[in-house]
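Numbering (the numbering used here), first residue to last: 13 to 545.
Every residue gets a Cβ at the ideal spot worked out from N, C-alpha and C, and that includes glycine.
Computed from a predicted structure; not experimentally measured.
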């Protein structure tokens, strides 16, 4: 037997990595965290929902950098309560999750729901919970991931306005619990405010999850974009203070036509790279949970607490000794490193630890060899036994890739209210319709004029001839590719006059901000093609 029985539950019988991690955490790491008061200094203890939850994406950025628009671009629909405008419109933390029935759950109710990973947010207080909500939405993308929309980070001019809760601390909590952090920057607003700096500092320790996006890049020309990119890298370098150069993704993440198309191909390649990572999040979710668990387990918290316990007197001069120990914490760190051969990277931030120790009563526990032996077994033996299971799960995880919206194989359902596809049904099907009901008929003369000006051969236009006209709309190529696929009903790689009119109609629909169906609804199938259905 390879796997050792743990509390009557053998890991050999556990076929999901998250279930195995949950068992290991409850049996070996949680008792140590409780004994040494881990949650008093670091993140709160993990619950079942933290292991069972879908991958989450945290979208962060200053006011009006396009956070909500980015989410709308991902979902291809608006979510309840979302507002978009030049002023700070998003004033709440909003968790956007999948649900068959559209609805909103408010913060106080969320913190008592055992099926949601937000129960540990209650210590941030009523003011925060009044600014926190969860939106349930029947959306294909949300079947695989959840998204957290955040209030805009305040600029220098608005910094004096108090939020009523510790905004960087909330961001830090979410950063520790999500799988991907998208930090959006605006090509027209590169100032780094105090709150922006504090927010970035709150992300430290989670740089592996971070992706920086320079949004609205189509609003500047190539020369200005180079200057903006250089200025952003310089500004971020001052805040992150790391020798590594951050990868910055450049693009314009909305469905509107591009203002300037000089860098169109660059934007499409950057979008493809960014979305490929997002699409793989469900596949890599188990690995991320394993990584976060190991990160918690390796933190040298128990050794720090037990060392402070050894130094503290039993009765006299406790306050003076407490002040001395806090001041000498860097020396204590060095002593622990040498004594137990622990890497400096496994220690919590010294300044932050000193700050938290000031308000602590210093009633600590000494070293407990049994708990530490369990921790060593977890890191050196149990995690290693999980690796084959992890690889097996990854091999079978192709079906877990994010689908829908702008991702490959999208279904984009249901459609927003007012969408011309809305009354055809969520599955894109309808009852038999007559030829007179083709909704494109009224605009066909307009498209016929364009069609014949492009010189069709034997009544059809090749893709080469149509491409230039479609690109003139300045819609992203990924969108135009899907429109071509829908319009080429007979799949011959060419468009006749009816298919061309259909393509024009779909382009107009997209320019109005609506999503595209996965399959062509019956009412949009050209009359001459309906016998193929």
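- Rounded to the nearest whole angstrom, the CA to CA distance from residue 323 to residue 217 is 29 Å.
- In this model, residue 119 and residue 233 are separated by some 43 Å (Cα to Cα).
- Three or more Cβ pairs closer than 8 Å define a contact, and the stretch 150-165 meets that threshold against the stretch 109-129.
- Restricting attention to 337, 177 and 379, the CA atom closest to the CA of residue 367 is found in 337.
- In this structure the stretch 241-260 does not lie against the stretch 454-466, because fewer than three pairs of beta carbons, one per stretch, are closer than 8 Å.
- Just measuring C-alpha positions, the residue of 117, 305 and 228 sitting nearest residue 77 is 228.
- Within its own chain, the residues whose Cβ lies closer than 7 Å to the Cβ of residue 499, once the five positions on either side in sequence are excluded, are 507, 511, 514, 515 and 518, listed in chain order.
- Distances from the CA of residue 535 to each of 269, 451, 305 and 300 were compared; the closest alpha carbon is that of 451.
- Residue environment for residue 398: buried (at least 16 other C-beta atoms within 10 angstroms of its C-beta).
- One thing to note: residue 71 has its Cβ within 8 Å of the Cβ of residue 82.
- In this structure residue 264 is in contact with residue 230, their Cβ atoms being roughly 4 Å apart against a cut-off of 8 Å.
- Cα atoms of residue 213 and residue 252: separation of roughly 7 Å, rounded to the nearest angstrom.
- Relative to the Cα of residue 471, the nearest Cα in the group 484, 504, 206 and 487 belongs to 504.
- Taking residue 188 as the centre and dropping the five residues before and after it, the same chain places the C-beta of 55 and 218 closer than 7 Å to its C-beta, in chain order.
- For the options 351, 29, 479 and 45, the alpha carbon positioned closest to that of residue 309 is the one of 45.
- Annotation for residue 359: 312 and 345 place their beta carbon closer than 6 Å to its own, counting only its chain and skipping 5 residues before and after.
- In its chain, beyond the 5 residues on either side, 119 and 120 have a beta carbon closer than 6 Å to the beta carbon of residue 141.
- Inclusion of residue 88 and residue 493 in the CB contact set at 8 Å is not warranted, their separation being larger than that value.
- The beta-carbon separation of residue 103 and residue 163, rounded to 5 Å, stays under the 8 Å limit for a contact.
- Ranked by Cα distance from residue 416, the first of 126, 329 and 153 is 153.
- Short of 8 Å from the beta carbon of residue 478, and not among the five residues preceding or following it, lie these beta carbons of its own chain, in chain order: 466, 496, 507, 512 and 515.
- Under the three-state reduction of DSSP output, residue 259 falls in the coil class, being neither helix nor strand.
- Taking a C-beta distance under 8 Å as the contact criterion, residue 339 and residue 315 do not qualify as a contact pair.
- Residue pairing by DSSP puts residue 107 in a beta bridge opposite 146 and 160.
- A distance of 8 Å or more separates the beta carbons of residue 402 and residue 147.
- With a contact defined as Cβ atoms closer than 8 Å, residue 133 and residue 301 miss out at about 19 Å.
- Shown here, residue 194 sits in a strand according to DSSP, grouped into three states.
- Taking the Cα positions, residue 483 is about 8 Å away from residue 489.
- The beta carbons of residue 193 and residue 215 sit about 6 Å from each other, so the pair counts as a contact at 8 Å.
- The continuous stretches of beta strand (DSSP E) do not include residue 491, which lies in the alpha helix (DSSP H) extending over residues 489-499.
- Looking at the DSSP output, residue 201 shares a beta bridge with 198.
- Under the DSSP definition of a beta bridge, residue 70 partners with 160 and 193.
- In the displayed model, residue 272 falls within coil according to three-state DSSP, outside both helix and strand.
- Around residue 370, the same chain offers 338 as residues with beta carbons nearer than 7 Å, after the five sequence neighbours per side are excluded.
- In the three-state scheme derived from DSSP, where H, G and I count as helix and E and B as strand, residue 54 is classed as coil.
- DSSP, read as helix, strand or coil, puts residue 324 in coil.
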